[in-house]
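>
There are 2 protein chains.
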Amino acid sequence: MGLKLFVIGCGSATPMESRISSAFALKRETDFFLIDCSEGTQIRLKNMGIRMQKISRIFISHLHGDHYFGLVCLLSTFHLFGRKTPVHIYAHKMLKEIIDIQMKAGNTTLCYPLIFHEIKENEHSIIYEDDTMYVETFPLLHSIPTNGFIFKEKTKPNNICKDFVNQYNLSSETIMRIKAGEDYIDTEKNIVFKNADITRPSSYKPKKFAYCSDTAYSEAIVPFIENVDLLYHEATFMSNMKHAAEEKSHATAAQAAQIAKMAKVKRLLIGHYSSRYINIDGLVEEARTIFPETVGAEEGMIIEI
Amino acid sequence: MGLKLFVIGCGSATPMESRISSAFALKRETDFFLIDCSEGTQIRLKNMGIRMQKISRIFISHLHGDHYFGLVCLLSTFHLFGRKTPVHIYAHKMLKEIIDIQMKAGNTTLCYPLIFHEIKENEHSIIYEDDTMYVETFPLLHSIPTNGFIFKEKTKPNNICKDFVNQYNLSSETIMRIKAGEDYIDTEKNIVFKNADITRPSSYKPKKFAYCSDTAYSEAIVPFIENVDLLYHEATFMSNMKHAAEEKSHATAAQAAQIAKMAKVKRLLIGHYSSRYINIDGLVEEARTIFPETVGAEEGMIIEI
C-alpha cells in the first residue's frame, strides 16, 4: 500500500524550460496513474524514471491545452514502443474526438487497446475502483467544464494472528480467504474459529489524495475533499492579483490555503503558478500564513502521501 | 537578403531531452518561417532567441505527430500573449480540423487571424510569394501524404551606379523606380538615361533551400531540388538498416547523400535520426563517403544558407 505523487509539471498556461504545465503521476504498488498531461510530459517521465509501460490510467481534468496537449504525443509513443496492455483515459467527451482525428490524420491504428471513460460536467461519482482503491470525480469552478479527482485507498484487509498461521501451517489460499473475512474450521477437531478472533485490524491508514487542477475559489468543493491526506489546489496568482484570478477563474495562494483549512486536510500542495513567478517563495509564504502545512510543488518533486 | 536556418529539433518519432522531433526556423530579413513544429518547439524557440511574434508563416510537411504535435500548443501561446498579427499555416487539409476541434474544446476564439492554406498530396506549385522570395511545394514518398518545400529568394534588383545617384542627387522614391526597371529622364536637359546604362546587376546570388522531411529514397524528387544551396533530407537510419528504412518509408544516410549528389546541391543537411543514434557521427560519415559536403543537423545549430 501507500501512494507517492510525482510532480512532472506544475506551471500554468505557458510552458518554460524549468517548469512545464500541469502533469502529475500517482504511484501505487505496481503502476502509475497519470493526472493531466501537458506538452513535454513524456520527456519528463523519462527523466523521473517513470517507465511508460507502468502507466495504466490517465485522468484529464479539463480540455485547456496546458492540461492535455502532451497526451496524444504520449499515446503515439506508447504505439511506437509496441505497447500491448490497455490504456484507460478518464476525460470529457471531446477528448476522444481530438485523439481520434489525430490518429486518423496519421493513418495510425493503435497497437494497444485505448479505453475511453467519459466524465461529465457537474458529475460527482466513482469513476474507477479495484481491490485496493477507488477514484472519485467532482466538479470544479472554471471557465470550461472541469473536474477534480480524489484517489482513495481502501481499508487494508485484517491481519491474521501470526501464532495462528504457524499453529495451523495455513496455505496462502486459506490465508487469502481468512483475510477476506471467512472463519476457519479445524476439521479434525471440528472447531470453528470466528474471523474476529483470529485476525487483527491493520494499523495502516488508507490514504486520500485530492486533485483540484484549475478552479476559482469555491467553497462548494470542500465537502468532497474533507480530511484528505494531500490536497493539490491550484494557486495561479498571489493575492495582489486576486482580480486577475477571478477574471480567469483561477485561485490565489491564499484562497487555496483557505480551502485547505476549511476542508481540514493534512497537507496542501500548491501549483499551476503563473509564469510571472519564477521564484515561488512568495506564493508558498502567502499560503502558509493561512495554512502552515503547505508545500510548493516543484518539478521533479516526489511526495509520499 | 540572405537566409539562415535554425535547427530547433532534428530527431524522429520519439522526442528526447537532447533532441526533439522535427522543427526548423528559416530566418529572412525581418521574420521567420517555421517548418514543421514538433512537441516542445515553443520552449526551444525561446532558448534559441527566436521571438514568437517574428514567426509569420508555418509550413507543415505532413500529419505524423512528430512533425506537428507542437503546433496547437504554439498557436495557443500566441493567443495567450495577445498576438494581433496574422499567422499563415500551409498544410494538409485535416490539420485545420485538428486545430479547430482543440480550440472549440477549450472554448478559445483566437485573438489573431489564423489563415489556413491547404496543400495537396502530389501538388507541385508555388504556395507563397512576396517581393523577395517564393515557396514551392512538391510531393515526397512517404506512408501518408507528405510534401517537401523549397524556399527560393528572388533575384535582387539591379544596383544603380553610385556616381549617377550622386550626380543627380536622386530621391529614394526615384531610386526605387529605377531599381524596379524604369529609365531616368533629366527633364532640364531633356535626356533619357536607359535603365541598363545606369544600373548594374547585383552580385548577390539568390539562395535556395529545399526541405525533405520524411521520405523514402525517391529519385523523382531530384528535378525539384536541383542545384539548391542547402538540401535538408531525412536520414533516419544507417545503411545496415536499409530494410527498416524501406519498410517505414524512410531513407538512410547514404540514400540522402545519393539524392544530394544526383541533384547537384551545394550542401546537404541530414536529420530525423532514429533515437537509437545518440551519437550521429556514423550517419554523417556514411553520407560523406558519397557526398562530402554533408552536415549533420544538431539542435541549436544555425546555418547560413
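Line order of the protein sequences matches chains V and Z.
The working numbering numbers the first residue of the first sequence as -6 and each following residue consecutively.
The working numbering numbers the first residue of the second sequence as -6 and each following residue consecutively.
Every residue, glycine too, gets a C-beta built ideally from N, C-alpha and C.
Which residues does DSSP list as the beta-bridge partners of V:I48?
Answer by DSSP bridge pairing, in chain order: V:F25.
> Can you give the Cα-Cα distance for V:H57 and Z:A98, rounded to whole angstroms?
Going by the C-alpha atoms only, they are around 7 Å apart.
> Under 7 Å Cβ-Cβ, which residues of chain Z neighbour V:M234?
Under the 7 Å cutoff, chain Z gives no residues; its nearest Cβ is about 16 Å from V:M234.
> Using alpha carbons as the reference points, say which of Z:T34, Z:L(-2), Z:I218 and Z:A228 lies closest to Z:S267.
Of the listed residues, the one whose Cα sits closest to Z:S267 is Z:A228.
> Along the chain, which unbroken stretches of the beta strand (DSSP E) at least 3 residues long are found entirely within the stretch 201 to 229 of chain Z?
Counting only runs of 3 or more, we get 201 to 205 and 223 to 227.
> Take Z:K235 as the anchor and find which of Z:L276, Z:K200, Z:S195 and Z:C154 has the nearest alpha-carbon.
Selected option, being the one with the closest Cα: Z:L276.
> Buried or exposed, going by whether 16 or more other CB atoms sit within 10 Å of the CB of V:E32?
It is buried - the Cβ of V:E32 has at least 16 other Cβ atoms within 10 Å.
> Residues of the stretch 95 to 116 of chain Z with a CB closer than 8 Å to any CB of chain V: list them in chain order, please.
So the close ones are Q95, K97, A98, G99 and N100.
> By how many angstroms is the C-alpha of V:A213 removed from the C-alpha of V:F142?
If you take the alpha carbons of V:F142 and V:A213, they lie about 14 Å apart.
> Please name the residue in Z:I191, Z:K172 and Z:A173 whose C-alpha comes closest to that of Z:D179.
Cα-wise, what sits closest to Z:D179 is Z:I191.
> Can Z:I51 and Z:F26 be called in contact, C-beta distance under 9 Å?
Yes; because the gap between Cβ atoms is below 9 Å, this pair is in contact.
> Can you list, in chain order, the residues of its chain with a C-beta nearer than 6 Å to that of Z:R260? Leave out the 5 residues immediately preceding and following it.
Cβ neighbours of Z:R260 beyond the five flanking positions: L223 and E286.
> Give the residues of chain Z in contact with V:N40, contact being defined as C-beta atoms less than 8 Å apart.
Chain Z residues near V:N40: E10.
> So, is the C-beta of Z:T7 closer than 9 Å to a C-beta in chain V?
For Z:T7, the answer is yes, since a Cβ of chain V falls inside 9 Å of its Cβ.
> Of the residues that make up the stretch 124 to 144 of chain V, which ones have a beta carbon closer than 9 Å to any beta carbon in chain Z?
Flagged, chain order: S136 and I137.
> Is Z:L88 close to chain V, meaning its C-beta is less than 9 Å from at least one C-beta of that chain?
Yes - at least one Cβ of chain V is within 9 Å of the one on Z:L88.
> Quick check on Z:D93: buried or exposed, where buried means 16 or more other Cβ atoms within 10 Å of its Cβ?
Burial call: exposed.
> Considering V:H110, what are the terminal residues of the beta strand (DSSP E) in which it resides?
Its beta strand (DSSP E) spans residues L107 to E111.
> Z:G293 touches chain V at which residues, Cβ-Cβ below 8 Å?
Here the premise fails: no neighbours, minimum Cβ distance about 13 Å.
> Starting from V:I316 and walking both ways along the alpha helix (DSSP H), at which residues does that stretch end?
Nothing in the structure corresponds to residue 316 of chain V, since chain V is present only between -6 and 298.
> Report yes or no: is there a C-beta of chain V within less than 9 Å of the C-beta of Z:S211?
Judged by the 9 Å Cβ criterion, Z:S211 is not in contact with chain V.
> So the beta strand (DSSP E) V:I143 belongs to, where does it begin and stop?
Its beta strand (DSSP E) spans residues N140 to E146.
> To the nearest whole angstrom, what separates the beta carbons of V:C104 and V:G75, a pair I think is in contact under 8 Å?
Confirmed, Cβ separation roughly 6 Å.
> Out of V:T139, V:E175 and V:Y204, state which residue places its alpha-carbon closest to the alpha-carbon of V:S242.
Among V:T139, V:E175 and V:Y204, the Cα nearest to that of V:S242 belongs to V:T139.
> Just the C-alpha distance for V:G4 and Z:L(-2), rounded to the nearest angstrom, thanks.
Answer to the nearest angstrom: the Cα atoms are 31 Å apart.
> Check each candidate in V:I184, V:K257, V:D274 and V:M294 and name the one with the smallest Cα separation from V:F284.
The option with the nearest alpha carbon to V:F284 is V:K257.
> Can V:A16 and V:D24 be called in contact, C-beta distance under 9 Å?
Not closer than 9 Å, so no.
> Please go through the same chain and pick out, in chain order, the residues whose beta-carbon is closer than 6 Å to the beta-carbon of V:Y83, but skip the five residues on each side of it.
Correct list, in chain order: F52, H110, I112 and I120.
> Between Z:F157 and Z:F202, is the Cβ-Cβ spacing less than 9 Å?
Not in contact: Z:F157 and Z:F202 (Cβ atoms no closer than 9 Å).
> Tell me the DSSP bridge mates of Z:S118?
In the DSSP output, where bridge partners are listed per residue, Z:S118 has Z:T130.
> Could one say the Cβ of Z:T70 lies closer than 9 Å to chain V's Cβ atoms, at least one of them?
So yes, Z:T70 belongs to the interface.
> For Z:E90, which option in V:M96, V:H85 and V:K86 has the closest C-alpha, if you only look at C-alpha atoms?
Nearest option by C-alpha distance: V:M96.
> In terms of alpha-carbon separation, which member of Z:I48, Z:T148, Z:H55 and Z:H85 lies closest to Z:L300?
Residue 300 of chain Z is absent from the model: chain Z starts at -6 and stops at 298.
> What distance in whole Å lies between the Cβ atoms of V:T125 and V:K147, which are believed to be in contact at a cut-off of 8 Å?
Confirmed, about 6 Å.
> Run through DSSP, which three-state label would V:K257 get?
Three-state DSSP puts V:K257 in coil, outside helix and strand.
> Report the CB separation of Z:K149 from Z:S195 in whole angstroms; it is logged as a contact under 8 Å.
Going by Cβ atoms, the distance from Z:K149 to Z:S195 rounds to 4 Å, so yes, they are a contact pair.
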